[in-house]
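Chemist:
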Amino acid sequence: MFAHRSRFCTNIASFPLMPKPPFELFVVVPPGLEALAAAELRDAGHPVEVVRGGLSWSAGWEGLMAAHLHSRIASRVLVRVARFGARALGELERKAGDVDWAAWLPPERRGDLSHPIPVEVSCRRSRLYHEGAVRERVLRAIGWETAGPSTAKASPEPWRLHVRVHRDTITISLDATGDHLHRRGYRRLTGSAPLRETLAAAALRASGWPLDRPLLDPFAGSGTIVIEAALIARRIPPALATASRRPPDFPFLEWEGAPAATWTTMIEDARERILPGAPAPILASDRDARSLEALAGNARAAGVEDDLSVRQASMSTASNTGGDPGWIVTNPPYGGRLGERSQLRPLYRSLGAQLAGPWSAWDFSAYVSDPVLEGALRRELSRRGAGPLDPLVKTRNGGIAVTLLGRPAPPPPAPPSDP
Ligand SMILES: C[S@@+](CC[C@H](N)C(=O)[O-])C[C@H]1O[C@@H](n2cnc3c(N)ncnc32)[C@H](O)[C@@H]1O
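Position 147 of the sequence shown, counting from 1, maps to 147 under this note's numbering, and the rest follow consecutively.
Spelled out as structure tokens, the structure:
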């Protein structure tokens, strides 16, 4: 868990003045994607630790900035302010009042309860279960510290608290991120059931796609997987994923002491590393013309339209991709949202036929949700003597439980031996 956890558990009155590094960061990650998100940040040289629901990490401003610039899988980053036990509202208010709020929040965000700072609360398995009451007590604790008129802008709000009450332990964190990190800024239009950008990036990473080999999404919809693939292949960080290559105004940039010059240098360095084009073909197809219009608009907004080859085609005819086989990473219709199981069963069978036939030399990964449709796909593969699919990742997309199934491409046949 946290390297400096004892600092948070015991005497909160002795907190150092903050926000000053090292920060105790909690990187929130979609469930099931923690190991992938950790690998991504470790590859970039950051020693994160996997914990339930995310990653913990003691980091300075550069680490906080790097997580926002480079993590394609994380949802948001929280900076721990306090952690203590409380089983009653009075105890909560007293201990929250012991926090040195003057060190964390500017005066105009501490006193004026008519314009309270946003506080998100979640209570689980605790005596304190009423989220509204917890929120009110935390706000009162902040208001006790100093009073003064509010001059803060209503939006964007750089100070937003998260209060987690779990097993009678209260964890108060400041949200460094603001808008969810999956909102990269390029998604202007959606198809029928878009995949979250973070999940698309996770699938690409879990698939083992080596960036310099062709990539195909035959159910491309509004293009999340292929756009994320192009961004990754061109080394475009997720925070620079719009055509302007300008980062969002993350709240932490307004915090006292945030080194703006460090952020500027990191952005400039990242821009310099961007490749002019993807090293291998990135192919997208879908049968639906309107989804492909959305894809084209989104790809333009991400500034990667020239990296994609897009065509309107049904999956069963999309096999004519030409060139070398590569990686298929895709997100077929699940059933629940786009149609009935019985209508989709033939589609999953025909996907199995494709994988056993024209796509037999392709590496394959796909998010599936419905066990019956998954069974239809598996049976078709086994009936045709093709290799099995393994579960690579289990997570949730928009509240739906999904599994990323995968199979590596079979090794090429051995050359005939000399007589
Ligand atoms: C779950 S959506 C994909 C969403 C996409 N990942 C995105 O982020 O927008 C599934 C897509 O499969 C397409 N589709 C359904 N049946 C198809 C078929 N037989 N051939 C090709 N595309 C098909 C739908 O038009 C839809 O865009």
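Cβ atoms here follow ideal geometry from the backbone N, Cα and C, with glycine treated the same way.
Note that the coordinates shown come from a computational prediction; the quantities given were computed from them, not determined experimentally.
P358 to A386, Cα distance in whole Å?
Modeler: Answer to the nearest angstrom: the Cα atoms are 12 Å apart.
Chemist: In the region 21–85, which residue ranges form an unbroken beta strand (DSSP E) of at least 3 residues, counting only runs that do not cross its ends?
Modeler: Correct list: 23–28, 49–51, 54–59 and 76–85.
Chemist: Just to confirm, are P346 and S309 a CB contact at a threshold of 8 Å?
Modeler: No.
Chemist: Determine the extent of the alpha helix (DSSP H) in which G375 is found, giving its start and end residues.
Modeler: Note, G375: alpha helix (DSSP H), P371 to R383.
Chemist: Would you list, in sequence order, the uninterrupted alpha helix (DSSP H) runs of no fewer than 4 residues that lie entirely inside the region 196–265?
Modeler: Qualifying alpha helix (DSSP H) stretches, in chain order: 197–207 and 224–233.
Chemist: Taking 7 Å as the cut-off, is the C-beta of T242 nearer than that to any heavy atom in ligand 1?
Modeler: Result no, Cβ not under 7 Å from ligand 1.
Chemist: Return helix, strand or coil for D390, following the three-state DSSP convention.
Modeler: Residue state, collapsed to three classes: strand.
Chemist: Name the DSSP bridge partner or partners of S342?
Modeler: Answer by DSSP bridge pairing: none, since S342 is not bridged.
Chemist: Quick check: does the Cβ of I225 come within less than 7 Å of any heavy atom belonging to ligand 1?
Modeler: Indeed, a heavy atom of ligand 1 lies less than 7 Å from the Cβ.
Chemist: Checking the sheet assignment: what are the DSSP bridge partners for D175?
Modeler: BP columns for D175 point to L78.
Chemist: Could you please give the first and the last residue of the uninterrupted alpha helix (DSSP H) stretch that includes E93?
Modeler: Note, E93: alpha helix (DSSP H), L89 to D98.
Chemist: Measure the C-alpha to C-alpha separation of R407 and R187 and round it to an integer number of angstroms.
Modeler: The straight-line gap from Cα to Cα measures roughly 29 Å.
Chemist: Does the beta-carbon of P166 have 16 or more other beta-carbons within 10 angstroms, so that it is buried, or is it exposed?
Modeler: The question names Pro, but residue 166 in the sequence shown is His. That one is exposed.
Chemist: Between P279 and A233, how many whole angstroms is the CB-CB distance? I'm expecting something under 8 Å.
Modeler: At roughly 6 Å, the Cβ-Cβ gap stays under 8 Å, so P279 and A233 are in contact.
Chemist: Please state whether DSSP places I282 in a helix, a strand or coil.
Modeler: Strand, per DSSP.
Chemist: Give the range of the alpha helix (DSSP H) segment to which R290 is assigned.
Modeler: From DSSP, the alpha helix (DSSP H) with R290 extends over A289 to A302.
Chemist: Need the endpoints of the beta strand (DSSP E) that A409 sits in, please.
Modeler: Per DSSP, A409 belongs to no beta strand (DSSP E) and is neither H nor E.
Chemist: Hey, would you say V304 sits closer than 8 Å to I225, going by beta carbons?
Modeler: No, the pair does not count as a contact, with Cβ atoms beyond the cut-off.
Chemist: Report the rounded CA-to-CA distance for D100 versus A82, giving the unit in angstroms.
Modeler: Using only the alpha carbons, I get a separation of about 10 Å.
Chemist: I227 to W57, Cα distance in whole Å?
Modeler: Approximately 29 Å, taken between the alpha carbons.
Chemist: What whole-angstrom Cβ distance do F250 and A176 have, given they're in contact under 8 Å?
Modeler: F250 to A176, Cβ: 7 Å. Contact.
Chemist: Going by DSSP in three states, S192 sits in which element: helix, strand or coil?
Modeler: If DSSP states are grouped into helix, strand and coil, S192 belongs with coil.
Chemist: In terms of DSSP beta bridges, what is A103 paired with?
Modeler: DSSP, once it has assigned bridges, lists no residue as partnering A103.
Chemist: List the DSSP bridge partners of S309.
Modeler: Per DSSP, L283.
Chemist: Which partner residues does L404 have in the DSSP bridge list?
Modeler: Bridge partners of L404: Y367 and V393.
Chemist: Return the first residue and the last residue of the beta strand (DSSP E) that I328 is part of.
Modeler: That run of the beta strand (DSSP E) goes W327 to T330.
Chemist: Tell me the rounded alpha-carbon separation between L404 and R124.
Modeler: Going from the Cα of L404 to the Cα of R124 covers about 29 Å.
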